[in-house]
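Okay, structure first, notes after.
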Amino acid sequence: MNSKNKQIQKQKGQAMLFGLLFLAVSIMTLLVLYNQGQLVKNRVQIENAADAAVYSQAKLAARNQNFAAYTNRAMVANEVSIGQMVALLSWAKHYKQISSFTNFPAYQVPIAPPSPVTMAQVLNAITTPWVLMGTAVEAPTNVMVKKWPTVISYFNGALGLFQKVFALSTLEAQVEMNLNVLEDYEFDPAEPELYIPVVGWYFFTQNVLLTYFGDYFDISDLKDAMAGTDTGNADVDNLLMDFAGSDVGSFETMINDNSPRVASGSGDETNAVESYQRYAAIVNRNREAFTKDRHWDFGGGFNLNIPLTLPLGIVTLRIELDLGVWSGIKNDGGTAYLAHDSLQSDGDIEKLGWASIDVASFGVEIDIGLFVNIELCLPIIGCENWTLLDVDFTIPIGLPLAGATHQVVSDLTNSKKVLSDWGLPGMSDPGMYGGDDDDVRNSGAFDLFHATDLLWGQASPTLAPGMYGVKPTDVTDSYGAPPAFFSLGESFQTSARSYEFTIAVAKSLDDVETTDSDTFNISTGDSSDWDGTDISYTRFDVETHSRAQGDDFAADYQQVIWADERPMMTISSAETYFSNAMQSNADGSSEPASLFSPFWDARLREPSPVAILIASGEIDWEAIFDGISGSATDLVEWMLNEVGDRLVDSGVDYLVSQVDAPFDSVIEPPIQDAATEVKDVAIDAVMDQLEDFMP
């Protein structure tokens, strides 16, 4: 019995040891779980805040792009209204000027001698109602054409300025939105802990400059800066393409500021010319029916088909002759928005204006079609046939009846002067002056049927020296000039997405309530070797550390750009993208992206490797953008002033340039003062709020 009792007593001490060990492990587990819970909670907080802030930033940018699209559409609609006025004036004039075409020499011969009645007298009598109608419409329309283009030019100029002011206001809203979102994600708004470090404001500035002024950056500098970084097995050019969104040869400006008289922000002449070519094409595509094509015809005719088959043994010859004769009156006209010369350089942009032509002729059109086919049939081999001839042509014989032109330009030197400036008879599309491919009788104002009419418009004594722009009555210089407007860079029309929006958000680890914080002050680790590669994980450690506490240069650099010695940090990215689900092209393809269609939206995206390398300190942003400030407030203030000076001030300059003397000197001071006040209010509001949120 004594032996058994002695054995039982020895086992009591072992249970106590296991209990103490279990208690220690439980405490350590609780500490680890608590720390991980705090770190995860705060990590989720800053990542959600970063996602919300950068998405809001991209959403505001999409709104700005849609605003540009709506205002661009308004400019197009206003431009088309000028075309309608010019079309109506040209149409009225060509009826009013009928007598200048009935004086054609062939009409002066008596119809049936010895009667003295000539064809001219008959035509003048028949067309009197049209002459009276043209005279009645021409007078008030002429007054409108002298005023309306000027009004529209001023209005479109104001819309162009509104685009730039709205762009600056959007930047202000983006800054304020970033700060407000962070404030909304604070655990305790009374004690804010989240902040946007300097690198976050660099990302913001970088996006703005790439969007509006791509010439600030040289992609070769970024490529050189990436040479010494750890990109794994990824190709540097592919990483740059993901960041630049296009060919890695250069950074293309996404939103171009186009203006005929003020240098484009991108400094790229090709972009400006292509933008105005696109603008002119959109204007012409949106012309209503009367402006685009004023065709009507009255007449009749017959068609005769003569088939002939000649069997010649093993050879059969088939001949088919089609003969059509039409006689009557054809009226054609059209009004187009184009430049006097081809739109190939910056100097041609100012020459854009409206040109309208109307003609009427009567006569005969003879349509001839000849088809010749030969067939050879041999035993066993079978039959083969060959077409020897298959032609269709028209012989037009037209005599002049009416004609007129009118142009609205910004300067008389930009107007067309003679017939050859407009085109030549028989040209299928000299300038979109009417015509319909689906109507065989409608080939536009330069149909060969009107050849005599067009030539007589140049030679008629009562129209001397011609109706094509030499006479002051045929040209109105009331057009201010093409408007200044925002357009989308070429590569972005294909990619349909913007440059990357990136934001950096952080909070200090000192503000995270882990066990080693000031609240608990439980410290078990050795902070001197936490970043070593040969740490022996044989001890229990509840110390929390930031990557910025490492012992390499990147860690030291992170402390500077993240504005804290122990930051918990993250970056998040977003982009704007174009998608019009409501319509597609005739071939089924998607509508290409542009700033004429308001279907821009925002979405989150993965941060690009370049953004990650900048945020981690492996790429110094000064290697990309030399001379940039390291102060967040200085950085943002400089960027806002740059946008104001290069966009808003240029918009004011162009708007004033459209006003004729002496009114320009009267209107310039109040516009300049208003623009300056808008800029100052926007920038001051941002800077006041930004300074309150800086760590």
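In this note's numbering, the protein residues as written are 546 to 1240.
Ideal Cβ positions, reconstructed from N, Cα and C, are used throughout, including at glycine.
Taking the beta carbon of residue i as the centre, do at least 16 other beta carbons fall within 10 Å, making it buried, or is it exposed?
i       : result
GLY683  : As written in the sequence, residue 683 is Glu, which differs from the Gly given in the question. Answer is buried; the Cβ neighbour count reaches 16.
ILE671  : exposed
LEU855  : exposed
GLY980  : buried
ALA1026 : buried
THR1083 : Here THR1083 scores only 43 on pLDDT, less than 50, and its place in the model should not be relied on; the value that follows carries that caveat. Classification of THR1083: exposed, given that the 10 Å Cβ count is below 16.
ARG830  : exposed
VAL860  : exposed
ILE851  : exposed
GLN642  : buried
LYS586  : exposed
LEU1235 : buried
VAL753  : buried
SER809  : Because SER809 sits at a pLDDT of 41, beneath the cut-off of 50, its placement in the model cannot be relied upon, and the point is left open.
VAL1188 : buried
ALA598  : buried
VAL690  : buried
LYS692  : exposed
LEU929  : Strictly speaking, residue 929 in this sequence is Glu, with Leu absent from that position. By the 10 Å Cβ count, GLU929 comes out exposed.
THR932  : exposed
ASP1074 : Any reading at ASP1074 needs caution, since the residue's pLDDT is 49, under 50, leaving its predicted position unreliable; the model's value is listed next. The residue is exposed, with fewer than 16 neighbouring Cβ atoms inside 10 Å.
SER1241 : Since the displayed the chain opens at 546 and closes at 1240, residue 1241 lies outside it and no answer follows.
GLN581  : exposed
VAL589  : exposed
VAL1057 : buried
ALA769  : A small fix is needed here, since residue 769 is Asp in this sequence, not Ala. Exposed.
ILE926  : exposed
Can you pull the DSSP bridge partners for residue i?
i       : result
GLN952  : ALA900 and VAL1020
LEU578  : DSSP, once it has assigned bridges, lists no residue as partnering LEU578.
ASN918  : ARG863 and THR932
VAL875  : Looking at the sequence itself, residue 875 is Lys, so the reference to Val does not match. Bridge partners of LYS875: ASP842 and SER906.
TYR882  : TRP899
TYR740  : ALA1051
ILE940  : ILE911
PRO945  : SER906
PRO655  : THR663
PHE847  : VAL870
ARG1042 : TYR1122
THR854  : ARG863
GLY927  : LEU923
SER1174 : In the DSSP output, where bridge partners are listed per residue, SER1174 has none listed.
SER1129 : SER1135
Thinking residue i and residue j are a contact (beta carbons under 8 Å), I'd like their distance in whole angstroms, please.
i       : j       : result
GLY846  : VAL870  : 5 Å
TRP1001 : VAL953  : Rounded, the Cβ-Cβ distance is 24 Å, inconsistent with contact.
TYR615  : GLY679  : Between GLY679 and TYR615 the Cβ distance is about 38 Å, and since that is not below 8 Å, they are no contact.
GLU920  : ARG1042 : So it is not a contact: roughly 60 Å between Cβ atoms.
ILE827  : PHE1141 : 6 Å
GLU1213 : VAL1201 : 5 Å
TYR882  : ALA789  : Not confirmed; about 34 Å, so no contact.
ALA1138 : LEU1033 : 6 Å
SER1117 : ASP729  : Going by Cβ atoms, the distance from SER1117 to ASP729 rounds to 15 Å, so no, they are not a contact pair.
Between which two residues does the beta strand (DSSP E) containing residue i stretch?
i       : result
TYR1122 : 1112 to 1123
LYS1052 : 1046 to 1053
ALA1147 : 1145 to 1150
ASP802  : 800 to 803
The alpha helix (DSSP H) spanning residue i covers which residue range?
i       : result
ILE1157 : 1154 to 1160
PHE646  : Note, PHE646: premise wrong, no alpha helix (DSSP H); not H, not E.
PHE748  : 743 to 757
LEU1033 : It is not in any alpha helix (DSSP H) - LEU1033 instead sits in the beta strand (DSSP E) that spans 1030 to 1033.
LEU957  : Per DSSP, LEU957 belongs to no alpha helix (DSSP H) and is neither H nor E.
MET689  : 673 to 729
SER765  : 764 to 770
MET786  : 781 to 789
**Message:** Below 8 Å, how does it come out for the region 622 to 634 and the region 597 to 612: are there three or more Cβ pairs, yes or no?
**Reply:** no
**Prompt:** At a cut of 8 Å, does the region 938 to 945 reach the region 1009 to 1022 through at least three beta carbon pairs?
**Reply:** no
**Touch test, the region 977 to 994 against the region 1038 to 1054, Cβ-Cβ under 8 Å, three pairs minimum** = no
**Message:** For the structure I just gave you, are there three or more beta carbon pairs, one from the region 711 to 725 and one from the region 1185 to 1205, closer than 8 Å?
**Reply:** yes
**Prompt:** Does the pairing of the region 653 to 668 with the region 956 to 972 give three or more beta-carbon distances under 8 Å?
**Reply:** no
**Request:** Kindly confirm or deny that the region 664 to 680 and the region 1153 to 1165 touch, where touching means at least three C-beta pairs closer than 8 Å.
**Result:** no
**Request:** Inspect the CB distances between the region 902 to 920 and the region 873 to 888 and report whether three or more fall short of 8 Å.
**Result:** yes
**Message:** Between the region 742 to 758 and the region 1030 to 1048, can you find at least three pairs of beta-carbon atoms closer than 8 Å?
**Reply:** yes
**Item:** the region 1136 to 1147 / the region 588 to 608 touching (three or more Cβ pairs under 8 Å)
**Value:** yes
**Request:** Assess, as a yes-or-no matter, whether the region 754 to 766 is touched by the region 776 to 784 under the definition of 3 or more beta carbon pairs within less than 8 Å.
**Result:** no
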